[in-house]
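Trainee: Residue numbers 655 to 1005, in this note's numbering, belong to the letters of the sequence shown in order. Using N, Cα and C, we set each Cβ at its ideal position, and we do this for glycine too.
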Amino acid sequence: MKIITVHAERSYDVIIDCDWKSEVLKLANGRSRVAVIYSTAMRDSIRFDADVDAEFHFFEVSDGEAAKNIASLSSLWNWLGAAGFTRSDLVIGIGGGAITDLAGFAAATWLRGIDWIGVPTSVAGMVDASVGGKTGINSDYGKNLIGAFYSPLSVIIDFSWLKTLSDRDFAAGLAEVIKCGFISDVEILRVIEGQSIESLRTQSDLIEELVSRSVQVKADVVGMDFKESFVREVLNYGHTLGHAIEIHSRYSLRHGEAISIGLVYAAELAHARGLIDSGVLDQHRRLLAALGLPITYEATAWPALWPLLALDKKSRGSQLRFVVLTALGATRRVEDLNEGELHSAYERISS
Ligand code: GLY
655 MKIITVHAER
665 SYDVIIDCDW
675 KSEVLKLANG
685 RSRVAVIYST
695 AMRDSIRFDA
705 DVDAEFHFFE
715 VSDGEAAKNI
725 ASLSSLWNWL
735 GAAGFTRSDL
745 VIGIGGGAIT
755 DLAGFAAATW
765 LRGIDWIGVP
775 TSVAGMVDAS
785 VGGKTGINSD
795 YGKNLIGAFY
805 SPLSVIIDFS
815 WLKTLSDRDF
825 AAGLAEVIKC
835 GFISDVEILR
845 VIEGQSIESL
855 RTQSDLIEEL
865 VSRSVQVKAD
875 VVGMDFKESF
885 VREVLNYGHT
895 LGHAIEIHSR
905 YSLRHGEAIS
915 IGLVYAAELA
925 HARGLIDSGV
935 LDQHRRLLAA
945 LGLPITYEAT
955 AWPALWPLLA
965 LDKKSRGSQL
975 RFVVLTALGA
985 TRRVEDLNEG
995 ELHSAYERIS
1005 S
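1) From L765 to L945, what distance separates their C-alpha atoms?
2) Fully enclosed by the region 974–1005, which alpha helix (DSSP H) runs are 4 residues long or longer?
3) Is M878 closer than 7 Å to V888 when the C-beta atoms are compared?
4) In whole angstroms, what is the alpha-carbon distance linking A912 and I899?
5) Three-state secondary structure (DSSP) at A725?
6) For the ligand GLY, I want to know if L744 counts as a neighbour, meaning its beta carbon is within less than 6 Å of at least one of the ligand's heavy atoms.
7) May I have a chain-ordered list of the beta strand (DSSP E) segments no shorter than 3 residues that lie completely inside the region 836–873?
8) When you compare only the Cα positions, how much space is there between D769 and H925?
9) Excluding five sequence neighbours on each side, which residues of the same chain lie with their C-beta closer than 6 Å to the C-beta of Y1000?
10) How about G933: is its Cβ closer than 6 Å to a heavy atom in the ligand GLY?
11) L807: which of I658, R986, R664 and M696 sits nearest, CA to CA?
12) Taking Cβ positions, are F759 and G801 nearer each other than 7 Å?
13) Answer yes or no: the CB of K788 versus the heavy atoms of the ligand GLY, is any distance below 6 Å?
14) Tell me which residue opens and which closes the beta strand (DSSP E) that G796 is part of.
15) Mapping DSSP to helix, strand and coil, what is I657?
16) Hey, out of D874, I691 and V978, whose CA is closest to P774's CA?
17) Regarding L889 and the ligand GLY, is the C-beta to nearest heavy atom distance less than 6 Å?
18) Unbroken alpha helix (DSSP H) runs of length 4 or more, entirely within the region 697–750: which are they?
19) Which value, in whole angstroms, describes the spacing of the CA atoms of T694 and R1002?
20) Return the first residue and the last residue of the alpha helix (DSSP H) that V934 is part of.
21) For the beta strand (DSSP E) that contains W770, what are its first and last residues?
22) R987: beta carbon under 6 Å from a heavy atom of the ligand GLY?
23) Taking the alpha helix (DSSP H) that I915 belongs to, which residues open and close that run?
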């Protein structure tokens, strides 16, 4: 077992490589009620047979982004009210990033904030969504537009969940791991070099190392800038175009798949500005493609993607701002890219 402490508005532990049920039971001790919010796919795995004092209540939501809306949240609030949840009770979110985002936001808003625990069951949830205190739901106007920075009491990572994932979902989560390698911990890139999704899945020691290193990158960044005034933006490497592609694909692409394309795009932008050499650019394509992740997108999509990029611009002030690399593990922002540069970089990632 390994523990990484995140220092945000409060400090909390990410407990890596543990038995999630024993950790949850320890944290539930002394509470009157525990709300377990889980995705449909986890239905058969979430029962608690142990003898505990707390009353456990179970709330099932559909898998993926479909759960992250005001209708689910409203039913969840009503359900918490009907079950009499008080400020000393506990919420647990068990599932992928969408479920922990929803559970965390329900906890952030119920009685102005009750304790919650994240039990991520996907790679993306383990290395990104459940760590860092971003909670929320989607709005009709975009992803994650409604939410709160609200740290959990603890994040519990049990690798046995990963057996439930398809290769596609597993690889999608690794796009965020590779991102952490490029922006900060280059050892991640060395560990993943030469691996395929099949080879990685059989090496639990490598998975543990990759997840631990990525959580450490995230913990370090969040510790410096919890509310994303500037430093935390580095975690958005590959996300500016990636988010636009995710929306354009109507979520037929996994978040990590869209980010994979966005990472190559950001590397193309940096290469065109002379900030990185072709070796680093090729490394993006090589590592992501080796895991079966997409690295190109529809050539004809640019006119539709451009206004979606502008949406991202609105959320960050007047300038469209990209995180780019200046070397492996080193980043800066560029804000003066014109549409011509953005379009020609897109042509180099077009299929
Ligand atoms: N997923 C990016 C962040 O947590 O800031």
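Mentor: Walking through what the data contain:
1) As a first step, residue 765 is located in the sequence shown; it is residue number 111 there, counting from the start. As a first step, residue 945 is located in the sequence shown; it is residue number 291 there, counting from the start. Roughly 44 Å between the two C-alpha positions.
2) 993–1002
3) Residue 888 sits at position 234 when you count from the first residue of the sequence shown. Residue 878 sits at position 224 when you count from the first residue of the sequence shown. Contact flag unset, no.
4) For the purposes of this step, residue 912 is taken as residue 258 along the sequence shown, with counting starting at 1. For the purposes of this step, residue 899 is taken as residue 245 along the sequence shown, with counting starting at 1. When rounded, the distance between both Cα atoms is 6 Å.
5) Indexing the sequence shown from 1 puts residue 725 at position 71. Helix, per DSSP.
6) In the sequence shown, the residue the question calls residue 744 occupies position 90. L744: no, Cβ never under 6 Å from the ligand GLY.
7) If we require 3 residues or more, the region 836–873 turns out to have no beta strand (DSSP E) run fully inside it.
8) The count along the sequence shown starts at 1 and reaches residue 769 at position 115. The count along the sequence shown starts at 1 and reaches residue 925 at position 271. Each residue's alpha carbon lies about 45 Å from the other.
9) Translated into the one-based positions of the sequence shown, residue 1000 becomes position 346. These residues qualify, in order along the chain: W956.
10) The residue you call residue 933 lines up with position 279 of the sequence shown. Because no heavy atom of the ligand GLY lies under 6 Å away, the Cβ of G933 does not count as near it: no.
11) Along the sequence shown, read from residue 1 onward, the residue named residue 807 stands at position 153. It is R664.
12) If you number the sequence shown from 1, residue 759 lands on position 105. If you number the sequence shown from 1, residue 801 lands on position 147. Contact flag set, yes.
13) Translated into positions along the sequence shown, residue 788 becomes position 134. It does: the Cβ of K788 is within 6 Å (strictly closer) of some heavy atom of the ligand GLY.
14) One-based indexing of the sequence shown puts residue 796 at position 142. From DSSP, the beta strand (DSSP E) with G796 extends over G796 to F803.
15) One-based indexing of the sequence shown puts residue 657 at position 3. Strand, per DSSP.
16) Along the sequence shown, one-based indexing puts residue 774 at 120. Here the closest residue by C-alpha is I691.
17) For this step, residue 889 is matched to residue 235 along the sequence shown. Checking every heavy atom of the ligand GLY against the Cβ of L889, one is found closer than 6 Å.
18) Given a length threshold of 4 residues, each whole run of the alpha helix (DSSP H) inside the region 697–750 is given here in chain order: 724–736.
19) Counting from 1 along the sequence shown, the entry for residue 694 is found at position 40. Counting from 1 along the sequence shown, the entry for residue 1002 is found at position 348. So the two alpha carbons sit approximately 40 Å from each other.
20) Here residue 934 corresponds to residue number 280 of the sequence shown, with the count starting at 1. Unbroken alpha helix (DSSP H) run through V934: S932 to A944.
21) For the purposes of this step, residue 770 is taken as the residue at position 116 of the sequence shown. W770 -> beta strand (DSSP E) spans D769 to P774.
22) As a working note, residue 987 is residue 333 in the sequence shown. Checking every heavy atom of the ligand GLY against the Cβ of R987, none is found closer than 6 Å.
23) On the sequence shown, residue 915 is found 261 positions in, with the first residue counted as 1. Start and end: H909 to A926.
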